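Take a look at the structure set out below.
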Amino acid sequence: MIKRVALTFLCLLLPYFSNAQILNIEKLRLEKDTAKHFLMKLTTELSAYNRSATPDNPVNFFGYNLDFNSIFYPDKHAYTFLGKFDYVELNDANVVNFGFLHTRINFLRERMISYETFAQFSYDDFRGLNSRWITGGSVRIKVFENEKTTLVWSTGAMYEYEKWQVPESDEQVEVNFLKNTNYLSIRRTVNEIIDFNMINYYQTGYDQEIDQFRNRLSSSTILNFKLSKWLSWKNSFDISYEDKPIVDITKLIYTLRTGISLDL
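The following block contains the structure:
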């Protein structure tokens, strides 16, 4: 009974701590106030739970979440820094432990064709990813832009290093690839009530060990409704797919969040 209660409680909370590590790099960039040159959003949560029925059957839960993104655009260029860390512990066992740090520079940001460099570190212990390091650059093209809609396409190259833990084994696997990286971003302000933001990534690299390309697809969608002056309905959906994972893990992962925000 206690185990069922613990698992049920964990399942209820996991959506708040789970994430597919999809970077919506346009989220803050497209919400910017042109009167300001620096924007930052920081969200942090801490949860602790102990409702053991008996001393012999403890149910101890601990979790924290830190989510931040910032952008600085003093002149012709834009500097972005993002981070997210999630941790969930149940009865001294790590259930969720992942995070990332991402930095990006957009040179000549106001031009139709601009340039980006980026670097990232991430980990996901639950899926066996001990570390992933990425660095690269790309060309960013504003395909279409007006007061309500922005469509951006980017293509470039990156170097990726990963260290994976093989499931149910002490073996670790290290790999590194040169990859082509692409993203397509659309932002649409339908009206004063509805705001839509989606970014889709495609990354591919050739693996000589298997003589095939490894492909990664991911998407992050945000749909917000301003119901009143104080009330908003916020929705997000993240999904990621890898056709040939380095180790035997689930190929498709996703996260769905929906909630009401009350601003008084």
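Taking mature numbering (1 follows the signal peptide of the UniProt record, and there is no 0), I'd label the letters of the sequence shown as residues -20 to -1, 1 to 244.
Beta carbons are placed, not taken as given, at the ideal position from N, Cα and C, and that holds for glycine.
This structure is a prediction, so every number in the text was calculated from the model and none was measured.
1. Under 8 Å between the Cβ atoms of D187 and R194?
2. Give the straight-line distance between the Cα atoms of residue 248 and L70, rounded to the nearest whole angstrom.
3. Which value, in whole angstroms, describes the spacing of the CA atoms of F65 and I121?
4. Please classify M20 as buried or exposed, where buried requires at least 16 other C-beta atoms within 10 Å of its C-beta.
5. DSSP state of residue 246, grouped into three classes?
6. Taking E154 as the reference, which of Y182, L109, A28 has the closest Cα?
7. Quick one: what's got a C-beta closer than 6 Å to F99's C-beta in the same chain, skipping five residues either side?
8. Suppose you measure from the CA of K206 to the CA of V76; what does that come to, to the nearest Å?
9. DSSP beta-bridge partners for G136?
10. Have a look at P225, N204, W210, R89 and flag the residue whose alpha-carbon is nearest the alpha-carbon of T238.
11. Compute the beta-carbon to beta-carbon distance between T130 and R167, rounded to the nearest angstrom, for a pair I have assumed lies under 8 Å.
12. In three-state terms, what does DSSP make of R89?
13. By Cβ distance, which residues of its chain are closer than 6 Å to F217, with the 5 residues on each side in sequence left out?
14. How about the segment 26 to 36 and the segment 49 to 62: do they share at least three Cβ pairs that are nearer than 8 Å?
15. With DSSP collapsed to three states, give me the class of D55.
16. Is L242 near W210, with beta carbons less than 8 Å apart?
17. Which of the three DSSP states is assigned to D218 in this structure?
18. Mind checking F78: buried by the 16 CB within 10 Å criterion, or exposed?
19. W113 and I226: beta carbons closer than 8 Å?
20. Compare the C-alpha of E96 against each of D104, W133, S102 and name the closest.
21. When the Cα of I240 is compared with those of I219, K224, Y221, N215, which residue comes out closest?
22. State the DSSP-derived secondary structure class of D72, mapped to helix, strand or coil.
To lay it out plainly:
1. yes
2. This structure cannot speak to residue 248, because the chain is shown only from -20 to 244.
3. 31 Å
4. exposed
5. For the chain, the structure presents residues -20 to 244; residue 246 sits outside this window and is missing.
6. When C-alpha distances from E154 are compared across Y182, L109, A28, the shortest belongs to L109.
7. Before going further, note that residue 99 is Ala rather than Phe in the sequence given. T83, T115.
8. About 32 Å.
9. S118, T161
10. The residue with the shortest Cα to Cα distance from T238 is N204.
11. 5 Å
12. coil
13. For F217, where only same-chain residues beyond five positions count, the Cβ hits under 6 Å are T201, L236.
14. No: the two stretches stay apart, fewer than three of their Cβ pairs being nearer than 8 Å.
15. coil
16. Yes. Within cutoff.
17. strand
18. buried
19. no
20. W133
21. N215
22. coil
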